[in-house]
Amino acid sequence: MKFRIERDVLADAVAWTARSLPVRPPVPVLAGMLIEAGDQLKLSSFDYEVSAQMTMDIDADEPGTALVSGRLLAEICRSLPAAPVEITTDGAKVTLKCGSAKFTLLTMPVEDYPSLPDMPPAAGTIGSDAFAAAVSQVAIAAGRDDTLPMLTGVRVEIEGETVTLASTDRYRLAVRTLRWKPERPDISAVALVPAKTLSDTAKSLTSGAEVSIALATGGTGEGMIGFEGGGRRTTTRLLDAEFVKYQSLWPKETSAVAEIQTGPFAEAVKRVGLVAEKNTPVRLSFRQDEVVLEAGSGDDAQAVEVLGASLDGQDIDIAFNPNFLLDGLSAIGSDVARLAMTTSTKPAVITGKPADEGDPDYRYLIMPIRLSS
Amino acid sequence: MRLVIARCSVDYAGKLTAHLPMAPRLILMKADGSVSIHADDRAYKPLNWMNPPCTLKEEEGRWTVTHGKSGEQLILTIEEILHDSSHELGIDPGLRKDGVEAHLQELLAEHITTLGEGWKLIRREYPTAIGPVDILCRDDKSGTVAVEIKRRGEIDGVEQLTRYLELLNRDPLLAPVRGIFAAQEIKPQARVLAADRGIDCVTLDYDALRGIERDGTLF
Chain B
1 MKFRIERDVL ADAVAWTARS LPVRPPVPVL AGMLIEAGDQ LKLSSFDYEV
51 SAQMTMDIDA DEPGTALVSG RLLAEICRSL PAAPVEITTD GAKVTLKCGS
101 AKFTLLTMPV EDYPSLPDMP PAAGTIGSDA FAAAVSQVAI AAGRDDTLPM
151 LTGVRVEIEG ETVTLASTDR YRLAVRTLRW KPERPDISAV ALVPAKTLSD
201 TAKSLTSGAE VSIALATGGT GEGMIGFEGG GRRTTTRLLD AEFVKYQSLW
251 PKETSAVAEI QTGPFAEAVK RVGLVAEKNT PVRLSFRQDE VVLEAGSGDD
301 AQAVEVLGAS LDGQDIDIAF NPNFLLDGLS AIGSDVARLA MTTSTKPAVI
351 TGKPADEGDP DYRYLIMPIR LSS
Chain P
1 MRLVIARCSV DYAGKLTAHL PMAPRLILMK ADGSVSIHAD DRAYKPLNWM
51 NPPCTLKEEE GRWTVTHGKS GEQLILTIEE ILHDSSHELG IDPGLRKDGV
101 EAHLQELLAE HITTLGEGWK LIRREYPTAI GPVDILCRDD KSGTVAVEIK
151 RRGEIDGVEQ LTRYLELLNR DPLLAPVRGI FAAQEIKPQA RVLAADRGID
201 CVTLDYDALR GIERDGTLF
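Going line by line, the protein sequences match chains B and P.
Under UniProt numbering, the residue at position 142 of the first sequence is numbered 142, and the numbers go up by one with no gaps.
Under UniProt numbering, the residue at position 33 of the second sequence is numbered 33, and the numbers go up by one with no gaps.
See below:
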């Protein structure tokens with residue numbers, strides 16, 4: 001194997017592929033990154049859950065394959081000088097030359113490396129930036145504790161031209177709908193994708209204009225979802241769990257709808273929240289033209305701030321975990337936040353104020369904290 | 001078990017020397033022949049002690065504890081005895097299995113469908129030649145599953161389950177038996193080892209199993 005490649009191109013490709021290297025490889029070869037050079041250069045990593053493969057055009061002087069330590073290769077590529085890189089195999093070793101630097105890396109047996117799962121059939125395509133934004137809006141509400149695997153996933157529902165993403169950690173629920181271009185107009189599918197993998201993947205695929213989503217669910221064998229865009233292709237195993245029937249969680253009626261400038265509101269929550277001890281809420285009192293934010297009580301430090309707000313409906317006092325509230329406010333992506341509330345003990349819906357009246361494409365449902373007094 | 005509370009000073013003569021000045025202390029003389037001198041602090045840890053076998057020679061105002069093999073001596077100079085009583089404790093049943101762990105086993109056996117719809121319990125504490133398996137059950141496809149329950153899931157728990165699985169899989173009536181490692185918290189190393197051996201990991205929610213409902217959640 002012998003080929004030359006631009007340093008930045010290689011560094012980007014190696015860094016992206018290295019993201020899927022397992023932290024604790026049960027088999028030593030999985031710590032490796034597979035380099036396949038031919039008409040194209042292919043870099044692969046796999047940890048049995050997630051696979052990543054980067055493909056780019058090169059002109060190899062001699063085709064070949066090699067398996068080298070992925071971590072080490074990623075660290076080396078990160079700190080190479082700005083010069084073209086030449087990679088050659090030399091017996092059981094790989095030599096990497098860049099400017100005046102030269103590295104010799106040990107290789108592992110290529111034949112021991114597992115074959116990467118095949119990409120499932122393509123289901124459709126979506127704008128990469130829109131997809132990354134939507135995933136980040138939803139993934140914030142996913143749980144991190146794996147007691148209930150369902151809570152660590154993002155549910156992806158595909159119905160024709162509409163994709164719905166949803167996740168919840170029991171304290172809040174985030175749901176986003178967006179349009180995409182399905183392969184077949186009558187497509188209908190659901191999948192539960194690990195939230196962390198999905199958000200990392202969506203963020204890393206913004207280099208191409210579009211992301212192609214491939215889905216294999218149902219039938220025998222484990223479900224799998226694949227994403228492809230800009231020469232990068234990654235697959236991940238789906239979570240095998242039933243997602244909560246979240247449609248019934250939305251409040252049937254609301255007694256008060258408040259509208260507040262998102263920026264100043266988020267800043268005030270952050271400020272007032274400084275005195276909120278762990279697990280204590282920020283209390284909001286909505287009146288006709290204002291909202292009073294308070295935190296802390298009794299002998300502890302206290303904070304209070306008053307903001308202008310418009311309220312349609314009855315006056316209401318309600319309290320939230322400040323972090324969960326901030327997550328919602330940062331995700332709505334709108335200058336004006338709209339809070340639809342029922343009572344101080346029933347969940348509230350946070351949305352951005354839509355330009356025209358219609359269903360907002362992003363909704364964040366948050367459970368209030370019961371006030372003890 | 002003989003308990004003595006006395007004002008005493010203690011001198012230790014052996015590999016090294018130590019001296020405890022005159023003060024009120026608790027002296028424990030256990031049935032195994034050990035003697036230990038305790039102050040009113042440091043939990044279980046004595047100020048000084050002599051392991052069995054040892055002999056106690058009681059003289060007026062001076063007790064001498066001599067170690068049977070090494071001849072090391074603990075000399076107690078007694079000024080005043082404040083309390084002296086003996087109690088027959090009998091044979092101790094030993095340290096019982098962690099309360100939470102036993103309870104988790106009981107609860108999971110009772111709610112075996114936590115592991116999956118249609119699962120059935122075969123029995124708790126299923127006996128094998130190398131000790132009982134916490135839970136043996138059948139999954140929805142009638143496959144045998146051995147479950148090892150821990151409070152904290154670490155490497156040695158996976159090893160334990162591996163040994164059970166190896167033995168259980170020799171039984172033609174049960175084989176093939178797969179394993180589930182269930183714990184309230186599973187260490188990443190244990191997770192990797194379990195996955196490598198084809199053992200599934202399940203994190204248990206003690207509160208949910210006990211039926212303690214969370215307050216202030218959406219569902």
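Every residue, glycine too, gets a C-beta built ideally from N, C-alpha and C.
Keep in mind it's a predicted model, so treat the numbers as computed, not measured.
Name the chain B residues that come within less than 7 Å of P:Ala195, Cβ to Cβ?
-> Simply Pro26.
Is it right to say P:Ala31 is buried, meaning 16 or more other beta carbons lie within 10 angstroms of its own, or is it exposed?
Exposure of P:Ala31 is indicated by the presence of fewer than 16 other C-beta atoms within 10 angstroms of its C-beta.
Give me the chain B residues within the contact set of P:Val192, using Cβ-Cβ distance strictly less than 7 Å, ordered along the chain.
Here the neighbours are Arg24, Pro26.
- How many Å lie between P:Glu213 and B:Tyr171 at the Cα? Here the C-alpha atom of P:Glu213 lies approximately 13 Å from the C-alpha atom of B:Tyr171.
Check your understanding: What do you reckon, are the CB atoms on B:Arg4 and B:Glu86 nearer than 8 Å?
Key -> B:Glu86 is positioned such that its CB atom lies closer than 8 Å to that of B:Arg4.
Distance check for B:Lys2 and B:Val29, CA to CA, integer angstroms please. Spanning the two alpha carbons is a distance of roughly 22 Å.
For P:Gln105 and chain B, any beta-carbon pair shorter than 8 Å? It does not: the Cβ of P:Gln105 has no partner Cβ on chain B nearer than 8 Å.
Which first and last residues belong to the alpha helix (DSSP H) in which B:Trp16 is found?
-> Element bounds for B:Trp16: 7-18.
Considering B:Ala268, what are the terminal residues of the alpha helix (DSSP H) in which it resides? Boundaries of the alpha helix (DSSP H) around B:Ala268: 262-273.
**Prompt:** Who are the neighbours of P:Asp205 on chain B, taking C-beta pairs under 8 Å?
**Reply:** Within chain B, the residues near P:Asp205 are Thr147, Leu148.
Inset, instruction - Rank B:Gly313, B:Glu277, B:Pro264, B:Arg271 by C-alpha distance to the C-alpha of B:Phe286 and give the top, closest one. - result: Of B:Gly313, B:Glu277, B:Pro264, B:Arg271, the residue nearest in Cα terms is B:Gly313.
Task: Enclosing alpha helix (DSSP H) for B:Pro322 [first to last residue] - done: Going by DSSP, B:Pro322 is part of the alpha helix (DSSP H) stretching over 322-331.
Next on the checklist: Please identify the residue among B:Ala189, B:Ala18, B:Leu339, B:Lys203 whose C-alpha is closest to the C-alpha of B:Phe265.
Outcome noted: For the options B:Ala189, B:Ala18, B:Leu339, B:Lys203, the alpha carbon positioned closest to that of B:Phe265 is the one of B:Leu339.
Exercise. Going by the beta-carbon positions, is the gap between B:Ser136 and B:Gly229 smaller than 8 Å?
Worked result: Pairing B:Ser136 with B:Gly229 gives a Cβ-Cβ distance that is not under 8 Å.
### CB contact below 8 Å: B:Leu365 versus chain P
Yes - at least one Cβ of chain P is within 8 Å of the one on B:Leu365.
Open item on the list: Report the start-end ranges of each beta strand (DSSP E) in the stretch 101-155 of chain P that is 3 residues or longer and not cut off at the edges.
Closed with: Counting only runs of 3 or more, we get 120-126, 133-138, 144-153.
Can you check whether the CB of P:Val4 is closer than 8 Å to the CB of residue 223 of chain P? Because chain P here runs from 1 to 219, residue 223 of chain P falls outside it and cannot be looked at.
Closest by CA to B:Val154, which one among B:Ala122, B:Pro194, B:Leu173? Cα-wise, what sits closest to B:Val154 is B:Pro194.
Exercise for the section: Please compile the residues from chain B whose C-beta is within a distance smaller than 8 Å of the C-beta of P:Thr217. Expected result: Within chain B, the residues near P:Thr217 are Arg170, Tyr171, Met367.
I'd like the list of long-range same chain contacts for B:Asp61, defined as Cβ closer than 8 Å, with 5 residues on each side in sequence excluded.
Result list for B:Asp61: Lys2, Phe3, Arg4, in chain order.
message: Judging by CA-CA distance, which residue of B:Gly70, B:Val23, B:Met56 is the nearest neighbour of B:Leu34?
response: For the residues B:Gly70, B:Val23, B:Met56, the minimum Cα distance to B:Leu34 belongs to B:Gly70.
Where does B:Gln247 fall in DSSP's three states?
Residue state, collapsed to three classes: helix.
Practice problem: Using beta-carbon positions only, say whether B:Val272 and B:Val282 come within less than 8 Å of one another. | Solution: Against a cut-off of 8 Å, the Cβ pair of B:Val282 and B:Val272 comes out as a contact.
request  = Under 9 Å between beta-carbons, which chain P residues line up against B:Arg370? List them in chain order, please.
outcome  = Under the 9 Å cutoff, chain P gives Asp215, Gly216.
Just grab the DSSP bridge partners of B:Trp180 for me.
Under DSSP, B:Trp180 takes part in no beta bridge, so it has no partner.
Exercise. What is the DSSP secondary structure of P:Tyr12, counted as helix, strand or coil?
Worked result: For P:Tyr12, the three-state secondary structure derived from DSSP is strand.
- chain P contacts made by the stretch 133-167 of chain B, where a contact means CB separation under 9 Å: If the cut-off is 9 Å between Cβ atoms, the stretch 133-167 of chain B has Asp145, Asp146, Thr147, Leu148, Pro149 near chain P.
- Query: Taking C-beta to C-beta, are B:Asn321 and B:Ile369 nearer than 8 Å?
  - Reply: Yes, these two residues count as a Cβ contact at 8 Å.
**Study point:** Inter-residue spacing [alpha-carbon to alpha-carbon] between P:Gly116 and P:Arg178
**Key:** Inter-residue distance for P:Gly116 and P:Arg178 is about 14 Å (C-alpha atoms, whole angstroms).
Per DSSP, what are the beta-bridge partners of P:Pro24 in this structure? Per DSSP, the beta-bridge partners of P:Pro24 are P:Arg7.
Open item on the list: What does DSSP give as the partner residue(s) for B:Thr55 in the beta ladder?
Closed with: B:Thr55 is bridged by DSSP to B:Lys42.
- Task: Give, in chain order, every unbroken run of the beta strand (DSSP E) that is at least 3 residues long and sits entirely within the stretch 92-141 of chain B.
- Result: Entirely contained in the stretch 92-141 of chain B, the beta strand (DSSP E) runs reaching 3 residues are, in chain order, 93-98, 101-108, 122-127.
- [ ] Provide the residue span of the beta strand (DSSP E) that contains P:Gln189, from first to last.
- [x] Going by DSSP, P:Gln189 is part of no beta strand (DSSP E) but of the alpha helix (DSSP H) stretching over 188-196.
request  = Tell me whether B:Thr342 is buried or exposed, calling it buried when 16 or more other Cβ atoms sit within 10 Å of its Cβ.
outcome  = A residue is called buried once 16 or more other Cβ atoms fall within 10 Å of its Cβ, and B:Thr342 is buried on that count.
**Prompt:** What residues in its chain sit with their C-beta under 6 Å from that of residue 237 of chain P, if we drop five residues either side in the sequence?
**Reply:** Because chain P here runs from 1 to 219, residue 237 of chain P falls outside it and cannot be looked at.
Q.
I want to know whether the stretch 84-101 of chain B touches the stretch 17-31 of chain B - three or more CB-CB distances under 8 Å.
A. Flag = no, the stretch 84-101 of chain B and the stretch 17-31 of chain B do not touch.
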